[in-house]
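S.K.: Can you keep this structure in mind? I'll have questions shortly.
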Amino acid sequence: MVKVRLWGSLRQAADGETEVEVKAKTFKELLDRLVETYPGLEPQIRRGVSLSLDGVIYREAWFTEIRPDAEVVLMPYMTGG
Amino acid sequence: MRYVAARTAKEAAGLLAAEPGVTRVLAGGTDVLVQLKSGLVEPELIVDIKKIPGIGDITAENGGFRIGAAVPNAALGEHAGVVALWPGVVEGANLIGSTQVQGRCTMAGNLCNGSPAGDAVPGLVAANAVARIAGPGGERDCPVADVPAGPGKTTLKTGEIVTSIFLPARPDRASDAYLRFIPRTEMDIAVASAAVSLELAADGTVKAARIVLGAVAPTVVVADEAGKLLVGTKLDDATLARMAKACEAVCKPIDDKRGTVAFRTRTAGTLARRAALIAYARAGGKK
Amino acid sequence: MSLDEYQKREFKQVGTRVRRPDGVDKVTGRAMYGADATAPGMLTGRILRSPHAHARIRSIDTKAAEALPGVKAVLTGADLPAQEDDFIRDVQDNCMARGKALYDGHAVAAVAAVDAATAKAALKLIKVDYEILPHVTEVDVAIKPGAPVVLAGRSLENVPAGMSENVTSHCEFGHGDPAKGFAKADRIVERSFRTAATHQGYIEPHACLASVSSDGKADLWCCTQGQYFVRTLCAAIMGMEASQLRVTASEIGGGFGGKTTVFIEPVALALSRKAGRPVKIVMTRDEVFRATGPTVHTSMDIKIGMAKDGRITGAEAHLRYSGGAFPCGTVDMGAQAAFAAYDLDNVRTYGWNVLTNRPKEAAYRAPGAPQAIYAVESVIDELCQDLGLDPIDVRLKNAAKKGTKSSYGPTFPDIGLVATLEAAKKHPHYSAPLAEGQGRGISCGFWFNFGGNSCVSLNINTDGTVGVTEGNPDIGGSRASISLMAAEELGIDYDRVRTIVADTSSLGYNDVTDGSRVTFAVGLATIKAARAAVRVMCERAAKIWGIDADAVEWKDGAAVPAGPNAGKFPPMSLAEIAAVSFETGGPIAGHHEVNVDGAGVSFGVHIVDVEVDKETGATKVLRYTVFQDAGKAVHPSYVEGQMQGGAVQGIGWALNEEYIYGADGRLQNPTFLDYRVPVASDLPMIDTVILEIPNPGHPYGVRGVGETGIVPPLAALSNAVSRSAGIRLSELPMSPPRVLKALGGS
Amino acid sequence: MKSIPVSTTINGDPYEFLCAPDETLLDALRNRLGLTGAKEGCGTGDCGACSVTLNGRLVCSCLVLGAEAEGAEIATIEGMADGDELHPLQRHFIDHAALQCGICTPGILVAAKSLLEKNPDPTDEEVRYWLAGNLCRCTGYDKIIRAVQAAAAEMRGA
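Chains as they are written, first to last, in the working numbering: chain A, 6 to 86; chain B, 819 to 1105; chain C, 3 to 748; chain D, 3 to 160.
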């Protein structure tokens, strides 16, 4: 299981939690599990999310491996200037 | 649209008078071409006056100078005689636009553009400068102060063009100064401005003063009362404060993207005070 | 990517100040920008724009325009296809209104004609029947229930019930409990701030030349920060296949985020398809201001509690951003960045995006961050003043560092904020005496930096020179830095490498030049492409020597046997291997395609001294110093240039730049005369101090440098002006009328 | 609108072209003569990207009618280098990293050359005020001022 930190406004879609646990070994699995467990997260995940893994931000990268003890933070997908 | 480079002032006046549509006189073009670009005007006829003999000359006359209507302000600033006699007029003229604009823009154009914020105009009015006007009926002289009639408007009649501006002689112990306020250090239109022309008595007190404010009313404003307050003084702080208030009293500005009524009014007084001190020092006054 | 990319090394090329490859063309006037392209039979395209802030388009009559001799095509929104995807539809509807004009300047029709005069005349013949609707241009008005609705039905599921339909999204970030934090504070400051919309102000107006053939093949030349993204958008709008549309980026005359999307390109393509001839569109400056993508305007409430010793106990921000008439996510980035510089136990940011009748926002250098950080850094400065604390000491006491749980979630790896603050503190500027009436301000700044999709192809020419092909328009000297990295990796001179920017048909997809990503991400791809070429060269040397490829290594620009057991052969240089490449197996190349992650965040600290004229409210900037963590500075001059340019854009934002709307909802100042970007005489020299804290996610330790520099100036100036004038300012820009009013002078 | 024939001298070479009466010199240079080094950033004299000299005076070519070029001497960025030898200003702009995107560079170089002809030893402030009509959005002007001063020093033989 990996602990995933959500940002505040996703709380309502995740039973009021800002930290949830799902079983996943990769970024893609993580997203799939999140959508299965918390369907309310689907619209945001479809719009795009980034993933911070131990402080490094990944914008896509489905197959990024996630160790069970890794710090995983979901972030909005970012665009810049 | 037609473009004609007139060979004489008479030809220019005739062309302009004969054209029933919108016309523009082209000297430096720094306002006319902006109007064309923005689509603000679509003239039927543009008369370029730069080829008229003598119109690009500065000539000494009766202790003063006659400035041709096509003299670019950069050339004015390079003329040591004019700079020495009317430094405030020249500094106003030289504040218009960039170096590039200075290479083209003229005092006569600034006057005829009719903007209350034109940087050359307050100094000319403070100097009691006189415009020479050529028209279908011949030539006439008109105080510069009487040319502007409101934003974008002048008292010039159909077919009339300004051919030169005369800056009169002035006595010893006299000088002038011009200050404007802009948000940046360059490239802006004046939000408020003030020209002050002073003549001092032998004892260093002010003998005559003429204060002219820009960008605070539909045309430049001669602040007569404010000027009178300076007479007989050496510009002590109390006098200057009264003078600034008197300037504020004649301001009737508008609120727009460039400044508020309150800001323009307050700043006009501040600039008049500062310009008076500069003119006073230039005239040899010692406090 | 991972955090073990970085390896400490001695650089030979990287870090030197070489001449840029585009230099001679740019100083001689030869460089080709967007408006410089021509094509045989080219038509001139022009766009008709709405004079209304908000109006229903009842009908558009184009008959008279079409009948005008010389007019070859007329276009309206009805000519473009319906789009399923919200994002594409918004881009398309922004390029050409459909149903409603949503802001002053919104395109409603376009023509292509044989020359500009005919096109201009044709626009006048188009009759648009408008039904004028109530408009709203201010975020604080648009957010209120009952405000005119700009676009209905666009609120996301995360928007709390009961708000205006103009509120399209809501976000919340943070951890801990600010209320508990405030309870521990000795002093709490709560203030509201507003920032005006600003424009990137690139000097080159948007320009493009489109040529669509009857067989469906199309070419588009344009000034853009991302030719591939232009292709994606235009192909979707035009219903074309990506392979049929080749987009070539011209030299770009500034972008700063504003050229990351399309405005005129689909219009030119559609006109060209209709007319059967190439069509060129060049925007006027008026069009650039009214109808491209300025940044958001904002309204913000900040509350920060501080203990007497300077420790921040609690922090909260409410951010209301408006990116104009279409939804945007900029407030999310502002909300994440607001408190990123600090190690806080109790922090919360809330953000709302609100629609207004203004042009659709585009990115502008660190989008969303400067505004929020301005507000936060202003309140911190006020707390420092109230508690009698040194502003750098307070920031050091609270500074985020390795291991800090950031206000937006992730725990920071190695970051450079403490080092940057310490450099600022010990710099002579910080301790220089100030004269009476002068004020000194400081501020921290932050930006995430991006990686992203990057493709690089590197060819070893037979004469020993190297061609690098990459796909990101060079906006700040990236061709030089990419050449430097290729030269470094290959062990050859910089002068032997030439880097070019490819069109969309020549390389795989590249993300736009944004997020300060190019030197980092394309640089990484370049290094890996060079390594791939090195592997081939080592194999060739091995073949020539008759030894195992594993027994050859690359050293100082040459293949050498790897150790005494490999055999004794003299080094074989790149040029020597290249010279016989045809004989040893064929041309040699390396390439690398990757979606790069591992971008390193960047922090900056700015110090500024100002003097406010208390009689006019005018601010003079006296001295300015920028400190920024760049990671490895590949080309120090260009790093400095980014820092200086960002600082000056921020100075303009702080002092004079603003979008001014009239009561009629029309933009009042769409000119460089009244949209006042800083001019040379407004400024002092901008001193720079580069810190090089390596980014663990890049082989050379590179971070992005392009964006962070615009973040600190807003608060640094505001804090300096506040200290000089003896008042607290809370609105940008600090134009003289605003400052004089705050001083009670008018 | 009837076109006007214009005979002029550009960078020392004779040119003849036809232009519309309301056509700017900038448009004539760019669209009729292929001299695209002067750029249009604003069309209203506020950015300086179109700077050229007209009879020795620095002007914005967007504020000059093409017809006014009749009989005039015009100098543009294309005439600044001597063959393949760059003018010292051009060289120092490259060496001092005084350009980034480069769109303002031709106008700034033409303006700076005109300054140094008038004032070979300007102060930084004089350079800044002379160039105030040339907007640069990339550099913050710092490196531009330094490059102009370095070129001025070289040209003075200092």
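Ideal Cβ positions, reconstructed from N, Cα and C, are used throughout, including at glycine.
Note that the structure is predicted; figures quoted are calculated from it, not measured.
1. For C/VAL499, would you say it is in contact with chain B, using Cβ-to-Cβ distances shorter than 9 Å as the test?
2. Mind the definition here: the segment 251–262 of chain C touches the segment 363–380 of chain C only if three or more C-beta pairs lie below 8 Å; say whether that holds.
3. Pick out whichever of C/ILE283, C/ARG678, C/VAL628 and C/PRO563 has its Cα sitting closest to the Cα of C/TRP655.
4. Do you know offhand how far B/PRO838's Cα is from B/TYR821's?
5. Residues of chain C with CB closer than 8 Å to the CB of A/PRO48, please, in chain order.
6. Can you check whether the C-beta of C/ARG233 is within less than 9 Å of a C-beta belonging to chain A?
7. Could one say the Cβ of D/ALA22 lies closer than 9 Å to chain B's Cβ atoms, at least one of them?
8. So which of C/ALA601, C/PRO361 and C/ALA489 has the shortest CA-CA distance to C/PRO329?
9. Going along the chain, which residues of its own chain have a beta-carbon closer than 6 Å to the beta-carbon of B/VAL948, five neighbours each way excluded?
10. Please list the segments of the beta strand (DSSP E) lying wholly inside the segment 249–321 of chain C, counting only runs of 3 or more residues, in order along the chain.
11. Just verifying my parser: in three-state terms, what is the DSSP assignment at A/LEU56?
12. According to DSSP, simplified to helix, strand and coil, what is C/MET3?
13. For the segment 597–618 of chain C, list every residue whose C-beta sits within 7 Å of some C-beta in chain B, in sequence order.
14. Measuring straight from C-alpha to C-alpha, what distance separates C/ALA581 and D/LEU37?
15. By the criterion of Cβ-Cβ separation under 8 Å, what are the contact partners of D/ARG59 in chain B?
16. Give me whichever residues DSSP pairs with C/GLY336 in a beta bridge.
17. Output yes or no for whether 9 Å exceeds the beta carbon distance between B/ALA1027 and B/LYS1046.
18. Would the segment 572–590 of chain C and the segment 463–472 of chain C be scored as touching if the rule is three or more Cβ pairs under 8 Å?
19. What residues of chain A sit near C/THR413, judged by a beta carbon separation below 9 Å?
20. Check the C-beta distance from A/SER55 over to A/PRO81 and give it rounded, since I have them as a contact under 8 Å.
21. Here's the rule I'm using: 16 or more other beta-carbon atoms within 10 Å means buried, otherwise exposed. How should D/MET3 be labelled?
22. Looking only at DSSP bridge pairs, what is C/VAL562 linked to?
23. To the nearest angstrom, how far is it from the Cα of C/SER732 to the Cα of C/ASN512?
24. Select from C/ARG500, C/VAL130, C/ASP131 and C/LEU153 the residue whose C-alpha is nearest the C-alpha of C/VAL138.
25. Identify the contact partners of A/TYR63 in chain C, using a Cβ-Cβ distance below 9 Å as the criterion.
26. What are the residues of the segment 24–45 of chain A that lie near chain C, defined by any Cβ-Cβ distance shorter than 9 Å?
27. Could you list which residues in chain C have their beta carbon closer than 9 Å to that of D/LEU133, in chain order?
28. So, using beta-carbon positions, are C/SER171 and C/ASN359 closer together than 9 Å?
29. Just to make sure I have the definition right: I need the residues of chain E whose C-beta is within less than 7 Å of the C-beta of B/MET1005. Which are they?
30. Do you know offhand how far B/VAL980's Cα is from D/GLU70's?
31. Taking B/GLY915 and D/GLY135 to be in contact with their CB atoms under 8 Å, please state how far apart those CB atoms are, rounded to whole angstroms.
32. Confirm, please, whether the CB-CB distance from C/LYS14 to C/GLY441 is below 9 Å.
33. For the beta strand (DSSP E) holding C/ILE417, just list the boundary residues, first then last.
34. Please classify C/ALA437 as buried or exposed, where buried requires at least 16 other C-beta atoms within 10 Å of its C-beta.
35. Is the Cβ of A/ALA19 closer than 9 Å to any Cβ of chain C?
36. Shorter than 9 Å from the beta carbon of B/ALA1033 to some beta carbon of chain C?
M.R.: According to the structure data:
1. no
2. yes
3. C/ARG678
4. 15 Å
5. LEU158 and GLU159
6. no
7. With respect to chain B, the C-beta atom of D/ALA22 has a partner C-beta closer than 9 Å.
8. Cα-wise, what sits closest to C/PRO329 is C/PRO361.
9. ASP959, PRO961 and PHE984
10. 281–284 and 299–308
11. Looking at A/LEU56 - three-state DSSP - the assignment turns out to be strand.
12. Residue placement at C/MET3 cannot be trusted, given a pLDDT of 45 that sits under 50; what the coordinates show is reported in the next sentence. Coil at C/MET3, not helix or strand.
13. GLU617 and THR618
14. C/ALA581 and D/LEU37: Cα-Cα distance of roughly 41 Å.
15. PRO890, ALA892, GLY921 and ARG922
16. Beta-bridge pairing links C/GLY336 to no other residue.
17. yes
18. yes
19. Within 9 Å of the CB of C/THR413, the CB atoms of chain A belong to SER57, ASP59, GLY60, GLU76 and VAL78, in sequence order along the chain.
20. 7 Å
21. exposed
22. C/GLU555
23. 40 Å
24. If we check each option's Cα against that of C/VAL138, C/LEU153 comes out closest.
25. MET3, GLY453, ASN597, ASP599 and GLY600
26. GLY45
27. Residues of chain C whose Cβ lies closer than 9 Å to the Cβ of D/LEU133 are, in chain order, VAL681, ALA682 and SER683.
28. no
29. This model lacks chain E altogether; the protein chains it does include are A, B, C and D.
30. Looking at the two C-alpha atoms, the distance is approximately 20 Å.
31. 7 Å
32. no
33. Careful: C/ILE417 lies outside any beta strand (DSSP E) and carries neither H nor E.
34. exposed
35. With its beta carbon at least 9 Å from every one in chain C, A/ALA19 lies outside the interface.
36. no
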